[in-house]
Amino acid sequence: MKRFSAVVLVTSLAWTLALPSPPWAQPKRVVTIASGAVDGVYFPIAGLMSRIASDAKDLNVRAVVASSGGAIANVQLIRAGEADFALVQNDVAYYAFNGVALEAFVGKPVKSMAGVFTVYPELVHIVATQASGVKSIRDLKGKRVVLGPIGSGTEQNALQILGAHGIGEPDLRVAARLPFTTAAEQLRSGLADAAFFTTALGAPAVADALESGKLTLVGVARAATETLERNYPFYTSGEIPANTYKGQERAVAVPAVMAMLVAHARLPDDLVYRFTRAVFDNLPQLHAAHPAARSLTLQTALVGMPLPLHPGAERFFREKGIAR
Ligand code: GLU
């Protein structure tokens, strides 16, 4: 009885002093989701995930979004313990976890990262000015090319695709690393001849650039994509369907990867389980963040998953009967 009145007293004190919660309540854990640049598609998707997580009563977290250069930067944030979750490309996640292919990870595998689910396909968009006369990847030799933002997966895809055509960085007149929006501006103003964007179909940065009508999408020949698929296991043959962008009359064949969510391996299983459940319980909200997110369903959630799952995610998908 005494105990009871003490509790009542403290509760009412808390209310009187307008404290946010009674002292014995668990404080909300801050969870950081590393996204990408604010002009990309990772950013709004991570924003929606953070809202869903913060609203989930059983999670008791305040999720915040950290912007970054993209997939490589996000893996580094996980490695440094500065992010709890991150959106990354599945190819980059694979190289990082296994310590292969990319300079940042060779001999330095990132084992503190676990898979949660794959989200949507990302297509390697290669946009060139019509004035440059660039019609194929080989034509990029001697041109001013934006490879992607610093710390992005895009930059790595650009270098690998050029490499598959025997083109190295020194063969380009200019090899620039710039954010998506700046790359689009440079294309529009003729300061760059071509730029790479590994991002969702319909990404605003690409759509804005192609709006001008003076730019064109460049395809990657099937044979080159097959070589890439052999050398780098997570490329698939993708297609930018006709009329995705203004004035785009034909479908364009390009390599594709998957955007995915990773978690820091040290995160409690229960937290990752509840986070994953909250996302899948609120799919319509996520689908509204960007049309690309509509391809995320329970059935597709493990397609292209390159990492061992976090035990929390594993429990969720096992319960749902989704096998890898
Ligand atoms: N795939 C991207 C990268 O790391 C980010 C794309 C986006 O945010 O839309 O290069």
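Our numbering numbers the first residue of the sequence shown as 939 and each following residue consecutively. We put the beta carbon where it would ideally sit given N, CA and C, even for glycine. These figures come from a predicted structure and were not determined experimentally.
Does DSSP put residue i in a helix, in a strand, or in coil?
{"i": "Leu1025", "result": "strand"}
{"i": "Glu1257", "result": "helix"}
{"i": "Tyr1173", "result": "coil"}
{"i": "Gly1080", "result": "coil"}
{"i": "Thr1163", "result": "helix"}
{"i": "Leu1097", "result": "helix"}
{"i": "Glu1107", "result": "helix"}
{"i": "Met1198", "result": "strand"}
{"i": "Arg1188", "result": "coil"}
{"i": "Arg1126", "result": "helix"}
{"i": "Tyr1058", "result": "strand"}
{"i": "Ala1114", "result": "strand"}
{"i": "Phe1043", "result": "coil"}
{"i": "Pro965", "result": "coil"}
{"i": "Ile1088", "result": "coil"}
{"i": "Leu1224", "result": "helix"}
{"i": "Val1013", "result": "helix"}
{"i": "Pro982", "result": "helix"}
Does the distance from the C-beta atom of residue i to that of residue j stay below 8 angstroms?
{"i": "Pro1059", "j": "Ser1175", "result": "no"}
{"i": "Leu1245", "j": "Ala1052", "result": "yes"}
{"i": "Val968", "j": "Val1003", "result": "no"}
{"i": "Val1144", "j": "Gln1027", "result": "no"}
{"i": "Leu1025", "j": "Ile983", "result": "yes"}
{"i": "Phe1035", "j": "Lys1046", "result": "no"}
{"i": "Tyr1173", "j": "Thr1163", "result": "yes"}
{"i": "Leu986", "j": "Gln1223", "result": "yes"}
{"i": "Val1278", "j": "Val1158", "result": "Since the first and last residues shown for the chain are 939 and 1262, residue 1278 lies out of range."}
{"i": "Pro1117", "j": "Asp977", "result": "yes"}
{"i": "Arg1126", "j": "Ala1147", "result": "yes"}
{"i": "Leu1205", "j": "Ile1099", "result": "no"}
{"i": "Ile1010", "j": "Val979", "result": "no"}
Rounding to the nearest angstrom, what Cα-Cα distance links residue i and residue j in this structure?
{"i": "Ser973", "j": "His1228", "result": "14 angstroms"}
{"i": "Ala1141", "j": "Val1062", "result": "11 angstroms"}
{"i": "Glu1187", "j": "Ile1178", "result": "11 angstroms"}
{"i": "Leu1097", "j": "Asn1012", "result": "19 angstroms"}
{"i": "Ala1138", "j": "Val1190", "result": "14 angstroms"}
{"i": "Ala991", "j": "Leu1078", "result": "44 angstroms"}
{"i": "Phe981", "j": "Phe1218", "result": "19 angstroms"}
{"i": "Glu1020", "j": "Ala975", "result": "17 angstroms"}
{"i": "Leu1129", "j": "Ser1090", "result": "21 angstroms"}
{"i": "Met1243", "j": "Arg1262", "result": "8 angstroms"}
{"i": "His1225", "j": "Ala1197", "result": "14 angstroms"}
Would you mind sorting residue i into buried or exposed? The rule is 16 or more other CB atoms within 10 Å of its CB.
{"i": "Glu1041", "result": "exposed"}
{"i": "Pro1193", "result": "buried"}
{"i": "Gly1250", "result": "buried"}
{"i": "Gln1124", "result": "buried"}
{"i": "Thr1182", "result": "buried"}
{"i": "Glu1257", "result": "exposed"}
{"i": "Ser1006", "result": "buried"}
{"i": "Glu1107", "result": "exposed"}
{"i": "Val1072", "result": "buried"}
{"i": "Thr1056", "result": "buried"}
{"i": "Gln1094", "result": "buried"}
{"i": "Pro1185", "result": "Looking at the sequence shown, residue 1185 is not Pro but Gly. Gly1185 is exposed by the Cβ-count criterion."}
{"i": "Pro961", "result": "Residue placement at Pro961 cannot be trusted, given a pLDDT of 46 that sits under 50; what the coordinates show is reported in the next sentence. Pro961 comes out exposed."}
For residue i, decide whether its Cβ has a neighbour in chain C, counting only Cβ atoms nearer than 8 angstroms.
{"i": "Ile983", "result": "This model lacks chain C altogether; it includes just one protein chain."}
Next on the checklist: Three or more C-beta pairs under 8 angstroms: does that hold for the segment 1145 to 1162 against the segment 1060 to 1080?
Outcome noted: Flag = yes, the segment 1145 to 1162 and the segment 1060 to 1080 touch.
Next on the checklist: Contact between the segment 1075 to 1090 and the segment 1121 to 1133 is defined here as three or more beta-carbon pairs at a separation below 8 angstroms; is this criterion met?
Outcome noted: Yes: at least three Cβ pairs fall under 8 angstroms.
Next on the checklist: I'd like to know if the segment 1201 to 1214 and the segment 987 to 999 are in contact, where contact means that at least 3 CB-CB pairs between them fall below 8 angstroms.
Outcome noted: Because the criterion of three Cβ pairs below 8 angstroms is met, the segment 1201 to 1214 and the segment 987 to 999 touch.
Item to check | Sufficient close CB pairs (3 or more, under 8 angstroms) joining the segment 1103 to 1115 to the segment 1068 to 1082 | outcome: With a cut-off of 8 angstroms, the segment 1068 to 1082 and the segment 1103 to 1115 count as touching, because enough Cβ pairs lie within range.
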